[in-house]
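Visitor: In my numbering, the protein residues as written are 461 to 734.
Note that beta-carbon positions come from the ideal geometry of N, C-alpha and C, so glycine has one too.
(1) Can you tell me which residues form a DSSP beta bridge with residue 717?
(2) What's the C-alpha gap between residue 713 and residue 669?
(3) If we ignore side chains and look at the alpha-carbon of each, how far apart do residue 525 and residue 602 end up?
(4) From 585, 536, 640 and 528, pick the residue whose C-alpha is nearest to that of residue 570; which is it?
(5) Spell out the partners DSSP gives residue 549 in its beta bridges.
(6) How is residue 730 classed by DSSP in three states: helix, strand or coil?
(7) Check whether the Cβ atoms of residue 532 and residue 546 lie closer than 8 Å to each other.
(8) Are three or more beta carbon pairs between the region 626–636 and the region 587–601 nearer than 8 Å?
(9) Could you check if residue 726 is buried or exposed, using at least 16 other CB atoms within 10 Å of its CB as the buried criterion?
(10) Do residue 592 and residue 674 have their beta-carbon atoms positioned less than 8 Å apart in this structure?
(11) Cβ atoms of residue 542 and residue 660: under 8 Å apart, would you say?
(12) If we ignore side chains and look at the alpha-carbon of each, how far apart do residue 561 and residue 549 end up?
(13) Exposed or buried, residue 481, counting other C-beta atoms within 10 Å across all chains shown (16 or more means buried)?
(14) Is it true that the region 648–666 meets the region 569–586, where meeting means three or more beta-carbon pairs spaced less than 8 Å apart?
(15) Which residue wins for smallest C-alpha separation from residue 522, given the options 528, 633 and 583?
(16) With residue 632 and residue 589 assumed to form a contact (beta carbons below 8 Å), what rounded beta-carbon distance in angstroms separates them?
(17) Tell me where the beta strand (DSSP E) around residue 705 begins and ends.
(18) DSSP on residue 593, reduced to helix/strand/coil?
(19) Taking only three categories from DSSP, how would you classify residue 561?
(20) Which one of 705, 729 and 565 has the shortest CA to CA distance from residue 534?
(21) Only counting the same chain, and skipping five residues up and downstream in sequence, which positions put a Cβ closer than 8 Å to that of residue 505?
(22) Between which two residues does the alpha helix (DSSP H) containing residue 670 stretch?
(23) On the three-state DSSP scale, how would you describe residue 722?
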């Protein structure tokens, strides 16, 4: 539990993994289901929770647009330090969760940010990440530069050298949550995207029987207003092409991430209000 007090996990990797895990293979779904196509563009708010004994925080926030013409989802990764208007005033977007104790505050904060409609939500506790990766037998990740951090008071040691590493679940958590570099939260998001692709690659090599086991095990801790068939459609739409992922345009303003509203509005117009 002490690790969570220093490091923070973004959940891009989990999003990719969930969508893929829910899609076993095309032959396992009815033909008419595979041809599912939406009547309009919709959004899914995907939230990864960091839960400790003391607290719970939304540590990854992904706004996912599902194009009405079908195809791969478009994902906007929103740094948790993004400044937004909440019920209590201007604050970090992850603080909006605590105003209601659930997804309601986050949905409201996003809608006030750029009049963004949030149709559906998917909330996942990241405690499953370690077990999920272990179930896969670990994942290969290219670590580009030395990653070191030690906190004896927390019994915490991170020590990765540059190169290709086969990370188990615990090691993946350390890699995924590390933010002790110049880019902070932004660098962390970028690492999550690398881990996402590593998870996808390993999953595609997994047998169907093992996929079924992983899916059942993983679905136990998901909170959502999506129907199971809608979740499966999300998975199907990621099989041929990885979702397009961008970070919310903006700049650092002290400890906060200040959104660039013109660029955000363009993204919304292109991917949601089409």
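Guide: Short version:
(1) 542 and 712
(2) 49 Å
(3) 29 Å
(4) 536
(5) 546
(6) helix
(7) no
(8) yes
(9) exposed
(10) yes
(11) no
(12) 17 Å
(13) Any reading at residue 481 must be qualified, since the residue scores a pLDDT of 46, below 50, and its modelled position is unreliable; the value itself is stated next. Counting Cβ neighbours within 10 Å, residue 481 comes out buried, since at least 16 surround it.
(14) no
(15) 583
(16) 7 Å
(17) 704–707
(18) helix
(19) coil
(20) 705
(21) 521, 522, 523, 524, 563, 566, 567, 570, 578, 580, 581 and 582
(22) 668–678
(23) helix
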